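Comments concern the structure below.
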Amino acid sequence: MYRFLAILTFYRSFVVWSFIVNAIIGFFNPVIVPALVTKLFLTVFAWYYVSETRNQRKLTFYKNLGISSLELFSVVYVIDCILTIIFITIFKEFT
Amino acid sequence: MIFELDNVELYFKTKRILNGIYLKAETGKVTAILGSNGCGKCCLLNIAFGNLKPKYMLVRLDGKPLLKPLYTTGIVMYLPQYNFIPNDIKLSFVFKLYAINWNLFTKGFETFSIYKNSKFSDLSGGERRIVETYIILKTKSKIVFLDEPFSHLSPQHIDTIKQLIEEEKKEKVIIISDHMYQHIIESSDTIYLLKNGTT
């Protein structure tokens, strides 16, 4: 449970960006599958960015909890997908 | 438990940083790594933890080779030179995540009792170092890597941390590296000297 809470803490720093991307997707092409593919691409980019820059220091906190980068970004992607699906479904209802 | 790090060879592009390293540490003993600036002490701890991938290396736990990064086993804690706790997290939450009793901590460090609901960024550099070192030492684990645990600490707190190391070494493999040679010599049982990229 605490491991999941730790991952949520990590996701918190990306949540605003995620909603901005959701809003852009919602306005231009509110279809779930392309949205999830876009999010997958962005998650892989975020993983690369964090791993290849000084930001990789942030990962030590999670590694000390036994959470690998793969596990961390996979769970972040799943959480983000759930929020994206909810966002787009609600968005479609009102447009 | 016996921890062994063997045959480490690290290159940065074509420059050889570490070569033919062997390190052995066991429960009940503090193992220290000494060496000049830039000799590769920090890299060695990063390699052992699994943060840095060298060209060659072998980790053995109780004589059995480990083929995945050590941190994925969940039995190791690593205190890096930099602050590893995110700035925007509350101390009480960090203690919960690492399953450490806040009240026991404030018994030893009374001045921290006001910080329970403060964010990590509210602490001074020295205070952050104390919290991080305490968390790393007190979290349930079998192996602990400490990279410069005495940096930024007052003499009084250095003594407290040395006492903590002495207590925790009974149940843990502790590997320590610092520039403060005097403190390292006092707190360690085995010392490795890192020179010209080898031990």
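From first to last, the protein sequence lines stand for chains R and Y.
Going by this note's numbering, 4 is the number at position 4 of the first sequence; the sequence numbering is gapless.
Just add 1000 to the spot in the second sequence (first one is 1) and you have this note's numbering.
We treat Cβ as the ideally placed atom computed from N, Cα and C, and that holds for glycine.
Model, not experiment: these values are computed from the prediction.
Proximal chain Y residues relative to Tyr48(R), where beta-carbon distance stays under 7 Å
To locate residue 48(R), count along the first sequence from 1; it is residue 48. Under the 7 Å cutoff, chain Y gives no residues; its nearest Cβ is about 16 Å from Tyr48(R).
Min CB distance Pro1080(Y) to chain R below 7 Å
Here residue 1080(Y) refers to the residue found at position 80 when the second sequence is read from its first residue. With 7 Å as the cut-off, Pro1080(Y) counts as an interface residue toward chain R.
Can you pull the chain Y residues whose beta carbon is under 7 Å from the beta carbon of Asn55(R), in chain order?
Position 55 of the first sequence, counting from 1, holds the residue named residue 55(R). Here the premise fails: no neighbours, minimum Cβ distance about 11 Å.
Report buried or exposed for Lys1107(Y), applying the criterion of at least 16 other Cβ atoms within 10 angstroms of its Cβ.
Stepping through the second sequence from its first residue, residue 1107(Y) is reached at position 107. Exposed is the call here.
Does the region 1160–1174 of chain Y come within contact of the region 1022–1042 of chain Y, defined as at least 3 CB pairs closer than 8 Å?
yes
Helix, strand or coil for Leu1091(Y) per DSSP?
By one-based count along the second sequence, residue 1091(Y) stands at place 91. If DSSP states are grouped into helix, strand and coil, Leu1091(Y) belongs with the helices.
In this structure, does DSSP put Ala1099(Y) in helix, strand or coil?
Taking the first residue of the second sequence as 1, we reach residue 1099(Y) at position 99. The answer is coil: DSSP assigns Ala1099(Y) none of H, G, I, E or B.
Near-chain Y residues of the region 57–77 of chain R (beta-carbon distance less than 7 Å), N- to C-terminal order:
Arg57, Lys58, Thr60, Phe61, Lys63, Asn64, Leu65, Gly66 and Ser68
So, for Asn29(R): in the same chain, excluding its five sequence neighbours on each side, which residues have a beta-carbon less than 8 Å away from its beta-carbon?
Residue 29(R) sits at position 29 when you count from the first residue of the first sequence. Excluding residues within five positions, the ones whose Cβ falls inside 8 Å are Ala35.
Assuming contact is defined by CB atoms lying nearer than 7 Å, are Gly1125(Y) and Leu1153(Y) in contact in what I supplied?
Against the second sequence, residue 1125(Y) aligns to sequence position 125. Against the second sequence, residue 1153(Y) aligns to sequence position 153. Not a contact, by the Cβ cut-off of 7 Å.
Proximal residues, the region 1120–1154 of chain Y versus chain R, C-beta separation under 7 Å:
none
Please compile the residues from chain Y whose C-beta is within a distance smaller than 9 Å of the C-beta of Leu5(R).
On the first sequence, position 5 is the one that residue 5(R) refers to. Those are Phe1093, Lys1096 and Leu1097, listed as they occur along chain Y.
Collapsed DSSP secondary structure at Asp1062(Y) in the structure displayed:
Looking up residue 1062(Y) in the second sequence gives position 62. The answer is coil: DSSP assigns Asp1062(Y) none of H, G, I, E or B.
Quick one, which of Phe94(R), Thr89(R), Thr95(R) and Leu83(R) has its alpha-carbon nearest Phe14(R)'s?
The count along the first sequence starts at 1 and reaches residue 14(R) at position 14. Out of Phe94(R), Thr89(R), Thr95(R) and Leu83(R), Leu83(R) has the C-alpha closest to the C-alpha of Phe14(R).
State yes or no: is the C-beta of Ile1017(Y) within less than 7 Å of the C-beta of Gly1040(Y)?
Your numbering for residue 1017(Y) matches position 17 in the second sequence. Your numbering for residue 1040(Y) matches position 40 in the second sequence. Cβ distance < 7 Å, so Ile1017(Y) and Gly1040(Y) count as in contact.
Can you tell me where the beta strand (DSSP E) with Glu1004(Y) in it begins and where it stops?
By 1-based counting over the second sequence, the position of residue 1004(Y) is 4. Looking at the DSSP string, the run of the beta strand (DSSP E) that includes Glu1004(Y) is Ile1002 to Phe1012.
Do the CB positions of Ile1135(Y) and Tyr1098(Y) come within less than 7 Å of each other?
Taking the first residue of the second sequence as position 1, residue 1135(Y) is located at position 135. Taking the first residue of the second sequence as position 1, residue 1098(Y) is located at position 98. It is a contact, given that the beta carbons lie within the stated cut-off.
Output yes if chain Y places a C-beta closer than 7 Å to the C-beta of Tyr2(R); else output no.
Here residue 2(R) is taken as the residue at index 2 of the first sequence, counted from 1. So yes, Tyr2(R) belongs to the interface.
Nearest CA to the CA of Leu1067(Y): which residue from Lys1013(Y), Phe1112(Y) and Phe1049(Y)?
For this step, residue 1067(Y) is matched to residue 67 along the second sequence. Out of Lys1013(Y), Phe1112(Y) and Phe1049(Y), Phe1049(Y) has the C-alpha closest to the C-alpha of Leu1067(Y).
For the alpha helix (DSSP H) that contains Gly1020(Y), what are its first and last residues?
Against the second sequence, residue 1020(Y) aligns to sequence position 20. Element bounds for Gly1020(Y): not the alpha helix (DSSP H) but the beta strand (DSSP E), Lys1015 to Glu1026.
Could you tell me whether the Cβ atoms of Tyr1056(Y) and Glu1009(Y) are closer together than 7 Å?
To locate residue 1056(Y), count along the second sequence from 1; it is residue 56. To locate residue 1009(Y), count along the second sequence from 1; it is residue 9. Going by C-beta atoms, Tyr1056(Y) is nearer than 7 Å to Glu1009(Y).
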